[in-house]
Amino acid sequence: MARCDTFEVRPLSHRDELLLLELLDASAACNNQVNYDRRQTLFETQKNEDTRVPVSELKSTVKQAVTQEEYRQQYIQTLGSAAPQQLVQKNWEPWKSYFALLSKYRDPDNNKVTDSPSPPGYWKEDGNRTPRTVIRNDQYTLELGNRSRLEIPVGMDLKEKYGLGYHDRLRLEVAGQPRWTGKQGRLEIVYDRDTETFTAHRNVGDEDNPPSRRDSYQPTLATTGSGEEGVAAVDIGANNLAAVTTSQGDHRLYHGRPGFHTFHEHTERIAELQSILGDDEWSSKQIRLMYHQRGEQRNHAMDALIRDLAEWLIGRGVTELIVGALGDVRKKHWSATVNEKTDLFWAHGRFRRRLNDVLEFEYGITVTEKSEAGTSSMCPACEGKNVHRSGDLLQCHACGREGHSDIAGSANLLRKHTAESIVVESSGSMARPAATGENTKVDGHQIQVPCLEWNDHAWTVKHDGLSTKEAPANQSTSHETGNVAPGVSDD
1 MARCDTFEVR PLSHRDELLL LELLDASAAC NNQVNYDRRQ TLFETQKNED TRVPVSELKS
61 TVKQAVTQEE YRQQYIQTLG SAAPQQLVQK NWEPWKSYFA LLSKYRDPDN NKVTDSPSPP
121 GYWKEDGNRT PRTVIRNDQY TLELGNRSRL EIPVGMDLKE KYGLGYHDRL RLEVAGQPRW
181 TGKQGRLEIV YDRDTETFTA HRNVGDEDNP PSRRDSYQPT LATTGSGEEG VAAVDIGANN
241 LAAVTTSQGD HRLYHGRPGF HTFHEHTERI AELQSILGDD EWSSKQIRLM YHQRGEQRNH
301 AMDALIRDLA EWLIGRGVTE LIVGALGDVR KKHWSATVNE KTDLFWAHGR FRRRLNDVLE
361 FEYGITVTEK SEAGTSSMCP ACEGKNVHRS GDLLQCHACG REGHSDIAGS ANLLRKHTAE
421 SIVVESSGSM ARPAATGENT KVDGHQIQVP CLEWNDHAWT VKHDGLSTKE APANQSTSHE
481 TGNVAPGVSD D
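Residue numbers (the UniProt record's numbering): 1 to 491.
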């Protein structure tokens, strides 16, 4: 499995910025031309509706419609000799996915793909090409350190136009810390017109040469106090992003409402900006920036949650995490706010994919999806079903216990799918909702259930009367931090 390091790319001068933009625009033009030829071949082959061409034959015909050499000769003076070949190969990747979906769509025994898939589109947005390029792994040089830099090849026409020597390559500074080490893969550079920034994505490793993390983390060193492997279950939601219970009786809760409040403020601002658009306008740069900021802030919080959860589970020797299968939460409770939470803010599909990728690949924790039917309507203390749920509070009428509904759900999910005797309560009472603090006294006992809130850069425990808002981390990429080269490297 390949992994990806992401860096910010910064041209050293205005001349270099113009050169890079022209290089990326020419690459997008090459990709779009390849895609046009393949789309036309597809439409021509399928125009006779009376004869359905088999998918395998259709796939072969579309792939052979273009040749790497044809586009290499056309774009070699602008992009160099290797880039056109890489762009042809890159363009074929979404086509493979298209034909895989088409096969499922035509399969009468497959009921998962019910809509006819659309062929891949162009690198284009709002009528403009999306500046983007792909560089082969042996065609670029990436040096990281106090003066991080990236060197990429340029075609002769661009070299002459911008005054580069025959053997020169375009030198750029990069900012960012690599997380992976292994076989260097291809590099992709994308320009965002709204933020006016360049971003580089470098693949690391492949199926035969899996990458490894650059830090010193060793999953084999983590054990519980008894030396036994542990199991945990997580209840994933929108109000509380994750509620976790381990087979050792430990709990952890990630509070999602403050994050949704910030997300909702962005949504309202987007609606305001859309309301003042002209009749023939659909979007604006400011709206796109707001969408970008909203999504990035949400993804940052969720990615940090998964990292924090992984470290917490490893510290307790957990080797398997049970995740409840997602049900249709909108059928029973629907409103504009619920729809915004479940469809936009929650981003359950992305969260689950990241959970699998990070926990299984990086930390060696197996993620298993199980049915969570009935887990939210049972008391984890006496297993009775005569319970009442109101928001975060779960009350059992049989034994009189009260506790946090999501923590109870994760405890019930864990008990349901394990043969072990799960310790849900260590002091005689269930974990209560952490509305005013993460530690609540019940029946004279102090229950330790950390409730974490997002403070824009880390998940921290919210204590009574104390804010989780801290001074923001220093994200400077100045020369002193060692994150970026403030000029041309003389190494």
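Glycine included, every Cβ here is placed at the ideal spot set by N, Cα and C.
{"Query": "Measuring straight from C-alpha to C-alpha, what distance separates V367 and A325?", "Result": "12 Å"}
{"Query": "Return the Cβ separation of Y291 and I276 in integer angstroms, given the expectation that the two are a contact with Cβ distance under 8 Å.", "Result": "So it is not a contact: roughly 16 Å between Cβ atoms."}
{"Query": "Could you have a look at V231 and say whether DSSP puts it in helix, strand or coil?", "Result": "strand"}
{"Query": "Name the DSSP bridge partner or partners of Y254?", "Result": "A242, L452"}
{"Query": "Can you give the Cα-Cα distance for L309 and Q85, rounded to whole angstroms?", "Result": "42 Å"}
{"Query": "Please classify M156 as buried or exposed, where buried requires at least 16 neighbouring CB atoms within 10 angstroms.", "Result": "exposed"}
{"Query": "So, at 6 Å on beta carbons, what are the nonlocal neighbours of K96 in its own chain, with the 5 sequence-adjacent residues on each side left out?", "Result": "none"}
{"Query": "Counting beta carbon pairs with one atom in the region 300–320 and one in the region 454–462, are three or more of them shorter than 8 Å?", "Result": "yes"}
{"Query": "Measure how close the beta-carbons of K183 and V134 come, nearest whole angstrom, since I'm counting them as under 8 Å.", "Result": "Not confirmed; about 17 Å, so no contact."}
{"Query": "Would you tell me roughly how many angstroms separate the C-alpha atoms of R10 and A175, rounded to the nearest one?", "Result": "8 Å"}
{"Query": "Which of the three DSSP states, helix, strand or coil, is assigned to K112?", "Result": "coil"}
{"Query": "Could you check how far apart the C-beta atoms of K2 and N203 are, in whole angstroms? I think they sit under 8 Å.", "Result": "Note that residue 2 is Ala in the sequence shown, not Lys. Correct: roughly 5 Å between the Cβ atoms."}
{"Query": "Helix or strand or just coil, what does DSSP make of Y191?", "Result": "strand"}
{"Query": "Would D115 be called buried (16 or more neighbouring beta carbons within 10 Å of its own) or exposed?", "Result": "exposed"}
{"Query": "If you run the structure through DSSP and keep just helix, strand and coil, what is H201?", "Result": "strand"}
{"Query": "What are the complete beta strand (DSSP E) segments, minimum 3 residues, inside the UniProt domain \"Cas12f1-like TNB\" (348–413)?", "Result": "366–370, 387–390, 393–396, 402–404"}
{"Query": "Helix, strand or coil for G185 per DSSP?", "Result": "strand"}
{"Query": "Just to confirm the assignment, what range does the beta strand (DSSP E) spanning P211 have?", "Result": "Here P211 belongs to no beta strand (DSSP E), and DSSP marks it neither H nor E."}
{"Query": "Just the C-alpha distance for Y191 and K104, rounded to the nearest angstrom, thanks.", "Result": "35 Å"}
{"Query": "Given H14, which residues of its chain have a CB within under 6 Å of its CB, disregarding the five upstream and five downstream residues?", "Result": "none"}
{"Query": "L164 by DSSP, collapsed to three states: which one?", "Result": "coil"}
{"Query": "Using a Cβ-Cβ cut-off of 6 Å (strictly less than) and excluding sequence neighbours within five positions of F351, which residues of its own chain qualify?", "Result": "M302"}
{"Query": "So the alpha helix (DSSP H) T61 belongs to, where does it begin and stop?", "Result": "55–63"}
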